[in-house]
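Following: one structure in structure tokens, then a few remarks.
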Amino acid sequence: MNLLKAWRIPYSALCAGFLMIISGLVLLGWLFDIATLKSVMPNYITMKANTAVCFLLFGLSILLRSSAAHWQKTLALTLAQIPLLISAATGCEYIFDINLGLDELLFLDPAGIKGKFPPGRMAPITAFSFALLSISTVLIHLGQPRLIRIAQSLIILVFLLGFQAMIGYFLGLTYTFGYAYFTQMAFHTTVLFVTVCIALLLERRDVGFMAIFFADTGAGRMLRRILPMALITPPLMNWLAIKGQGLGLIDENFALMVRVVGSSLLFTWMLWKSSLTMHQGEEERIHAERERILIELEKKATESVRANEARLRTIYETAHDAVVGINEAGLVVDWNPQAEKIFGWSKEEILHQSLAEFIVPAQYRTAHRDGMHRYLQTGEARVINRVIEITALRKSGAEFPIELSITPVRIDNTVVFTSFISDISERKRNEAELISARQAALAAAQVKAEFLANMSHEIRTPLNGIIGMTDLLLATPLDETQKNFTQMLQESGAGLLNIVNDILDFSKIEAGKMALDTIDFSLSNVIEAQQSLLSPKAHGKGLEIYCLVDPNIPNSLRGDPGRISQVLLNLISNAVKFTERGHVYIKAEVLEADPQAFQVRISVRDTGIGLSEETARKLFQPFVQADGSTARRFGGTGLGLSISRRLVELMGGKIGILSREGEGSEF
């Protein structure tokens, strides 16, 4: 095998060459009537000329199958099918007792004796074997694993037929190779069948039986050792028994014992030897694999340590914070580039110097030394493993704010304190600017709210005069046109007054000047008053307003009835405004009857236009309405619901909405 590898001779080419040489010699023997070439030994069966042709075709096919060219593979498959045709013709000759003249075409004497087989006819078992091999080549060519496994089974069957005939020649058992005409097989026919089978089996080592045989596993190694012994041991023991009997050394019973016991002992010894060899090889392989894994792990660990060291060094060198390390004596042992940038001291200047003398302000030095001493003696720490804000010194002597965290690391019997320091001067300046800006914004908002409240008062005073004078003007004799104009003036003034009142309330809430009363009141009276106030407007649109007050609500509650009335007036007014048909339903019910905080749920439900989920989420924000057309169609500032939310929250409650577009809303 090593010699073949050294010469780079493929096994398939070697088998093909052997097939073509032997079959060629047999054909020469028939052409020139050389008995030795036809039968090897005088008493042996002759290989028929058509058998030799079939082997020659298989040799050429095997040689061409190793090529990568498509046309050569096709030609190889075609050549391998010709033996199938020859074997089929031979079968027809046997079945129908006819002579197709096939032998006459293959260099044989055409003469024959009527009623007897012509001298060149192929034996049936040989024809059957050729047919199986031709079918196997087709199955292998198709390339499907299932078909290849079937092909290997057929090839192994042919191998066993040829091998048992070969063993028959070896043992002198005629019935294994020539008991009857249909079993006759020449010696070199058996050898060539075994050769063809080996070549075809070696063609696909990655599938089926051959994949197991060549696998680098325990099963593969065991099979490679045991299979040759299983094939050789029984024939060897039988040969010894036959020879012993022939020489008169042993009788028939002892020969039987040689066959049985000898086979068992030799096979057991070979099995034990193979197992021992496999075990030793497996132990060596496991040991080598373990050594390889250990070396690989050690290599990876070393590489990992180096990579981690490089990574840590990179982080240390490129960190945005200063990294400062000091030993138990307070001397600097680590000083990264960012520390040089923040404090102004180079690493060469400060290394192995007392940290306290360089960057710790004078007022903290005693506390710094005492803290280190206390931690080393007792393990007690006040600033270690915490993030604190403190001041430090630059090289110039300037004091600046820092954020400091200290982590102690114990190495052998010593402690190294690693400090992470951030310069927070910029952050402190930004915080101061933010505080200043916030105070300025609050002051501006306060001034704006006070201005808005004052302006609302200033606007409301003349507006009340206009409305009052309009009421007086309506009481005087007016013609119809004048009366209509005056009523329009009165309605516009009332609407403007509502807007001014909303702005005034909103500005009061924004300025934090909205005061609440806490007095006794009747909730049912408050609700009924708002219902009565808005009923005429609802009836004018063809709507009904219903009201239901839970009888479990006490007649006397404490709170601000004016603000509750304001919220209800806004909600009911909106319900009437945005409802074209149907009704408005007001309901008050008890949620929790706690004497200290009696909770009531008041709902206003309508059958109006409803709202989408997105609009409902932002409805309680200032100056927000359902859409741009709402203000044009219904009027209003968009402050009503925002004011209502602020008032409800000031009274310790919550307000919300349940709505579906086109189906109405419930506040």
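Quick note: the sequence shown uses my numbering, first residue 1230, plus one each step.
Glycine included, every Cβ here is placed at the ideal spot set by N, Cα and C.
Please read these numbers as outputs of a predicted model, since none were measured by experiment.
Just how far apart, CA to CA, sit residue i and residue j?
i: Pro1780; j: Val1755; result: 15 Å
i: Thr1859; j: Asn1727; result: Note that Thr1859 scores a pLDDT of 48, beneath 50, so its modelled location is shaky and nothing firm can be said.
i: Met1351; j: Arg1514; result: 51 Å
i: Ile1774; j: Ser1764; result: 7 Å
i: Ala1558; j: Ala1536; result: 31 Å
i: Val1645; j: Arg1875; result: 58 Å
i: Glu1890; j: Thr1747; result: 38 Å
i: Leu1430; j: His1417; result: 20 Å
i: Gly1194; j: Thr1543; result: Residue numbering for the chain in the displayed model covers 1230 to 1896; residue 1194 lies beyond these limits and cannot be assessed.
i: Gly1573; j: Val1612; result: 25 Å
i: Lys1345; j: Pro1353; result: For Lys1345, the pLDDT reaches just 39, beneath the cut-off of 50, and the residue's location in the model is therefore unreliable, although a value from the coordinates is still provided. Each residue's alpha carbon lies about 15 Å from the other.
i: Phe1388; j: Ala1428; result: 11 Å
i: Lys1677; j: Gly1869; result: 20 Å
i: Ile1664; j: Arg1623; result: 27 Å
i: Ile1369; j: Phe1287; result: 14 Å
i: Glu1878; j: Phe1849; result: 12 Å
i: Leu1671; j: Gly1697; result: 38 Å
i: Ile1884; j: Phe1896; result: 7 Å
i: Asn1556; j: Asp1652; result: 23 Å
i: Glu1843; j: Val1833; result: 21 Å
i: Thr1607; j: Ser1634; result: 20 Å
State the DSSP-derived secondary structure class of residue i, mapped to helix, strand or coil.
i: Asp1789; result: coil
i: Arg1639; result: strand
i: Lys1624; result: coil
i: Arg1889; result: strand
i: Pro1271; result: coil
i: Ala1444; result: coil
i: Val1755; result: helix
i: Val1420; result: helix
i: Glu1557; result: coil
i: Phe1649; result: strand
i: Asp1708; result: coil
i: Val1644; result: strand
i: Val1612; result: coil
i: Leu1879; result: helix
i: Ser1665; result: helix
i: Asp1823; result: strand
i: Pro1630; result: strand
i: Arg1834; result: strand
i: Trp1574; result: coil
i: Ala1804; result: helix
Using alpha carbons as the reference points, say which of the options lies closest to residue i.
i: Gly1769; options: Ser1751, Gly1811 and Lys1847; result: Gly1811
i: Ile1631; options: Asn1642, Ile1619, Ser1625 and Val1729; result: Ile1619
i: Gln1719; options: Asp1708, Leu1703 and Leu1707; result: Leu1703
i: Leu1777; options: Ala1804, Gln1795, Lys1737 and Arg1830; result: Arg1830
i: Gly1626; options: Thr1647, Val1638, Ala1591 and Thr1643; result: Ala1591
i: Gly1771; options: Val1269, Ile1782, Lys1712 and Thr1836; result: Thr1836
i: Leu1897; options: Gly1397, Ser1316 and Gln1393; result: A query on residue 1897 cannot be resolved here, the shown segment of the chain reaching from 1230 to 1896 and no further.
i: Ala1744; options: Asp1700, Ile1250 and Asp1789; result: Asp1789
When the cut-off is 7 Å and only beta carbons count, does residue i lie next to chain C?
i: His1602; result: In summary, chain C is missing from the structure at hand, where a single protein chain is found.
Exposed or buried, which one is residue i when buried takes at least 16 other CB atoms within 10 Å?
i: Gly1554; result: buried
i: Thr1355; result: buried
i: Gly1881; result: exposed
i: Lys1277; result: buried
i: Ile1342; result: Only weak support is given to the placement of Ile1342: the predicted model assigns it a pLDDT of 34, under 50, and the question is left unresolved by the model.
i: Gly1857; result: Residue confidence is low: Gly1857 scores 49 on pLDDT, short of 50, so the model does not pin down where it sits. Its coordinate-derived value is still stated next. The residue in question, Gly1857, is exposed, as its Cβ has fewer than 16 Cβ neighbours within 10 Å.
i: Leu1887; result: exposed
i: Lys1904; result: It is not possible to answer for residue 1904, since the shown part of the chain is limited to 1230 through 1896.
i: Ile1565; result: Note that residue 1565 is Asn in the sequence shown here, rather than Ile. Asn1565 comes out buried.
i: Gln1828; result: exposed
i: Leu1248; result: buried
i: Gln1716; result: exposed
i: Trp1259; result: buried
i: Met1414; result: buried
i: Ser1871; result: buried
Using DSSP bridges, identify the partner residues of residue i.
i: Tyr1398; result: For Tyr1398, which the question treats as bridged, DSSP gives no partner whatsoever.
i: Cys1776; result: Ile1815
i: Ile1748; result: Gly1788
i: Glu1618; result: Glu1632
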